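Protein chains in written order, with the working numbering: chain U, 122 to 753; chain H, 33 to 350; chain B, 9 to 352.
Heads up, the beta-carbon is just placed ideally off N, CA and C, and yes, glycines get one too.
As the structure is a prediction and not an experimental result, all values here were calculated from the model.
Everything below concerns the one structure shown next.
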Ligand SMILES: Cc1ncc(C[n+]2csc(CCOP(=O)(O)OP(=O)(O)O)c2C)c(N)n1
Ligand code: SF4
Ligand SMILES: [Mg+2]
């Protein structure tokens, strides 16, 4: 979408242009505390109700209370709208409403804005009594002028003061009015949504907010000359909208998990916030332990005593839990661990996305500790995966690690409302007496599976131990037992793998030049990029892996249908051609490493750690470059 | 109080006429060194179970790693021999999800006072209804004689062959300093009557009962308690009608001090003063909030949960 | 103390008494409901053909598994194995029906003793009736393990007499509220039911003898006579069996007291008397001997040994110490009836 640029000039004569677009990204940015997020959330909800695909992400400054008018302090929200389902946060922003030029500058500096972005900017700073502020404004304008943005100055403060005394508390609704006109949103629906959003506040608040909305709307109507139409779709059925962490919390409830043990860590914590709010009414206990080790221990103790439980964390916390994970594998106690990945290593980038814990999750436990690793790819899957993970953990008597990430955790998008089933819930712990002669690890030699004994079951008394043990749970170091028990714990995984289906191919299942392989939250962006590349005529397809350990079957055969296979991941890999980097010493992306080892196919990788989700446009570029015989 | 957390189904099949003898709680022969103090703690625990007629299937012994942590293997109950230092988190999970089970945590001094120190402090604060036994031999036994946090200053070990550098940590003093501590006692494994009376009081206590058991390790600390064993007067028994009274020991252990276990300040003073080895109940307060009660919730059926979940989804409806 | 309770009829009292027992009622209901659910899960997962089991497997795995897992294979390799006989299924269904009937509602916690009927028998019948729950659970256990023999075990699917309940079942006993006329209030026979966590509240209208429950006092039984429903909370939460007598109003000739097994080691420490009727001077002869006997029994139990100091160094004499709980109770009662200024 190319938009003409009128610079910062006032609009003289109005000549309307209306663009019908299938996809557009909008931002509202401000100092924190000015309500930009509320404005965006309401705008997003109304758009979803009008049948648009929506993906919103909050723009969060690193500090809790950053100084005002500071590029690093830009706080706000980004909303991507589409005429179809929107599966990722998209590329650059096309329209931005900014409450001050410094917040805008912050977005500009991060290359967040499209070259032809339309900017609606509060202009009170241009004539501010403080000369320092006026100077900042001028400098900012000068820097912004190097791009071909179209900046439209809006007297937001002045306008808002006609309705409220403190414009700081009302600008967001005025901005909502601007967007409502700009995108031709249903004004009545927007009013309803405002009333809903402020239902717990005094009625005067809603009244004023609606006045401000109308004011923004009519200001836009009088002064703006551009409008966008994003056609909506017929809703296939009822939809719900939430972020991935809320989906995990509700998914845990749906799965019948009754105890969650955790220690706060970004970006996983909001799962516990949600559970803290709702879990007790389901009879569920959210236990905030003294540290991550204890959280794992409590979850394992509770699982051992009855129903499977789970623990939620992020990378650094998972590191602390490794010894306990090994114990759960060794003693065959079911456990679900959710790792909402963030940037690493060490404290890294707590609020930003990365997919760098795959190897640690799969191989990070000292000793041989085979277990299941799986990853949701969408917000809806964050909900569904919990039931499946719990069921697998119980069926296999082992650990299931679920790898989500900051992208899913903070992205908000609608998905079809799940049709809930009581069958998803775990039954109460088996308390039947154990028949004489049964053993606590009565491994079926074919499958390695055995029946779990739970305290309370008469006749099942035994001491489980993290030491090497035999079928009766007796400590045993003899070669035969050690080899056999390891085999049994590993065979379960092979049995499980035999029940998995090969992944589906997006694009051409027959094969082609390039196959992109992804996992986790990048699915939407990858498939969008592949779709665009195919439109360009490139012979490229993609596949997305849900099960990372054990890997889904058929990969080698699928890879064989393509001339080249390349993973796309948000983790670090060396780039061949960089100083000292050769094809031999190159460090690959994490999934690429696993696939190379498992399939002996020469899988390439394109991975980046940019502190943000991958943009489909960038993946598209990478596809073009990495086509066999292409530029790279 | 026994409140079934699950179904009533299993109640039905239970053989209620069972009468348990001590032998019913015995597992395989314990493989500690001969003369190891752990043996008598094991016997006392089995005697306690017979005394209280605890059911083997609803009793769980959780331990960490160490000589002492082998304990559950030698009991004929459910046992959880986990990882070093982490007995208490596991025990917390067991009790939290199944409050009707009887839970015992058995730890060594390395286990509890060193690697698991954080958990020890917090478990004291949670105050779940369980018995926590610290089998304190002032040394790392299993790993062959390394200094522990309770090793006497100057004692030579394999890691500190010129004698330990630091003052030993005092576990009683530390526990008594933790908010919400509700039961703190000390006993010695070589006085079986006192040991048993202490375990019994700990079991009867409603809350987190922390018991430090002075334990001989003839293998690595042969001299540690020899004087105390030979000279009963080195031991001072805390006596009070509300405290722990072991019948029959008064003839040998004449050195007693009256101490009301409700008196926390005095308990702290007595614990801090190392001039005598004091055995008995330092402190007890049953009124302190217990975590499993604070967190007790009405259980929901699958259908009820799904109805509630539907309501929660309503709030996210587009 | 003028009582605002005096207007209550026995229906209101019954409702209030049931309310006081809510935690016990809920514990019972939820244990039954969980059992029902367990049976349902068990039955659905064990019956039917293999396609059905695959369907069940995919249902349990949830929508995420669709297209990712081969449900048939999963059910075969990792699903629950054993199959159920039709006979066993019949038993389970019958048991489920019985249990389902007890998983909610309060009817079976409520007993009315008709005029001239025997209180003990009424309580016994009520407990036997609820005993079906335990009978049914036993039948389930047997059927699940394939050990159910119709000839021998069918009895479990009808009532199960209280004396056959085991220890755990008694711990779970449903509480009862019994409406009984003052003429028929002969509670001595209830002793045999005061075991496990059985809780019985007798609701009675009109004058009675002064301490009908005195003879039910044993070291391990919670016993309370009161006209204030607030005082029943101790009964519900006590980890001991217990019986209460709830009067419709406070009368001078009816004793009000609590015997709490956890309150002390001796009877006098355990009993808190809030009101002790005057004993008639000897020779008046209008009262029956029962009257005197039960009152004397209560007095004897509640009497503090004179002149014995507590076994504490420098302890204060026992009387003031013991008065404290009574004072507290009095304050609590005052607060409950909302009298405004005392004496007004
Ligand atoms: C994480 C970890 N660190 C260290 C060890 C080695 N380790 C095993 S037992 C032990 C100390 C045992 O001493 P203590 O807890 O006092 O028990 P004791 O053997 O004296 O009964 C150590 C250091 C381990 N098993 N795990
Ligand atoms: S080394 Fe010491 S603590 Fe360990 S078994 Fe031997 S005597 Fe006991
Ligand atoms: Mg030690």
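Query                                                                                                                                                                              : Result
Answer yes or no: the CB of residue 180 of chain H versus the heavy atoms of ligand 1, is any distance below 8 Å?                                                                  : yes
At 7 Å on the CB atoms, spell out the chain U contacts of residue 32 of chain B, in chain order.                                                                                   : Those within 7 Å of residue 32 of chain B in chain U number zero; the least Cβ separation is about 18 Å.
Can you give the Cα-Cα distance for residue 227 of chain U and residue 738 of chain U, rounded to whole angstroms?                                                                 : 21 Å
Output needed for residue 104 of chain H: all residues of its chain with C-beta closer than 6 Å, excluding positions within five of it in sequence on either side, in chain order. : 93, 95, 111, 113
How would you call residue 278 of chain H, buried or exposed, if buried means at least 16 neighbouring beta carbons within 10 angstroms?                                           : buried
Cutting at 6 Å between CB atoms, please list the residues of its own chain near residue 441 of chain U, excluding the five before and the five after it.                           : 413, 414
What are the residues in the region 320-343 of chain H lying within 9 Å of chain B by C-beta distance?                                                                             : 330, 331, 332, 333, 334, 335, 336
Got a list of residues with beta-carbon closer than 6 Å to any non-hydrogen atom of ligand 2, in chain order?                                                                      : H/64, H/65, H/68, H/70, H/99, H/169, H/173, H/249, H/250, H/251, H/252
From the DSSP output, in three-state form, read off residue 350 of chain H for me.                                                                                                 : coil
Should residue 354 of chain U go down as buried or exposed, given a rule of 16 or more other Cβ atoms within 10 Å for buried?                                                      : exposed
Is the distance from the Cβ of residue 607 of chain U to the Cβ of residue 489 of chain U below 9 Å?                                                                               : yes
Please list the terminal residues of the continuous alpha helix (DSSP H) segment that includes residue 276 of chain B.                                                             : 275-278
Using the beta-carbon count (16 or more within 10 Å), is residue 139 of chain U buried or exposed?                                                                                 : exposed
Could you tell me if the beta carbon of residue 171 of chain H falls within a distance shorter than 8 Å of some heavy atom in ligand 3?                                            : yes
Nearest-angstrom Cα distance between residue 416 of chain U and residue 83 of chain B?                                                                                             : 32 Å
Let's see if you can read the secondary structure: which residues bound the alpha helix (DSSP H) around residue 297 of chain H?                                                    : 296-304
Is the shortest distance between the beta-carbon of residue 668 of chain U and the beta-carbons of chain B less than 9 Å?                                                          : yes
Determine which residues share a DSSP beta bridge with residue 41 of chain B and list them.                                                                                        : Answer by DSSP bridge pairing: none, since residue 41 of chain B is not bridged.
What residues from chain H crowd round residue 420 of chain U, counting only those whose CB sits closer than 8 Å?                                                                  : 125
So that I know if they touch, is there some Cβ in chain H lying closer than 9 Å to that of residue 93 of chain B?                                                                  : no
Should residue 189 of chain U be flagged as near chain H, meaning a C-beta pair shorter than 9 Å?                                                                                  : no
How far does the beta strand (DSSP E) with residue 240 of chain H in it extend, from its first residue to its last?                                                                : 240-246
Within the 9 Å Cβ cut-off, does residue 100 of chain B reach chain D?                                                                                                              : No chain D appears in this structure, whose protein chains are U, H and B.
Three Cβ pairs or more, each shorter than 8 Å: is that satisfied between the region 156-164 of chain H and the region 124-139 of chain H?                                          : yes
Taking just the CA atoms, how far does residue 175 of chain U sit from residue 97 of chain B?                                                                                      : 50 Å
Can you round the beta-carbon distance between residue 421 of chain U and residue 150 of chain H to whole angstroms, since I take them to be within the 8 Å contact cut?           : Actually they are not in contact, since the Cβ atoms of residue 421 of chain U and residue 150 of chain H sit about 17 Å apart, beyond 8 Å.
Since residue 260 of chain H contacts residue 266 of chain H with CB under 8 Å, what's their CB separation in whole angstroms?                                                     : 5 Å
9 Å is my cut-off, CB to CB: does residue 286 of chain B come that close to chain U?                                                                                               : no
Within 10 Å of its beta-carbon, does residue 586 of chain U have 16 or more other beta-carbons around it, so buried, or fewer, so exposed?                                         : buried
Does DSSP put residue 716 of chain U in a helix, a strand or coil?                                                                                                                 : helix
Expressed to the nearest angstrom, what Euclidean distance is found between the alpha-carbon atoms of residue 263 of chain U and residue 360 of chain U?                           : 45 Å
So, does the region 271-279 of chain B touch the region 195-204 of chain B, judging by three or more C-beta pairs under 8 Å?                                                       : no
Please confirm if residue 120 of chain H has its CB atom under 9 Å from at least one CB of chain U.                                                                                : yes
Can you tell me which of U/338, U/268, U/240, U/305 puts its alpha carbon nearest to the alpha carbon of residue 281 of chain U?                                                   : U/338
Apply the 10 Å Cβ neighbour rule to residue 306 of chain H and answer buried if 16 or more other Cβ atoms are within range, or exposed otherwise.                                  : exposed
Please tell me whether, using a cut-off of 8 Å, the distance from the CB of residue 255 of chain H to the nearest non-hydrogen atom of ligand 3 is below it.                       : no
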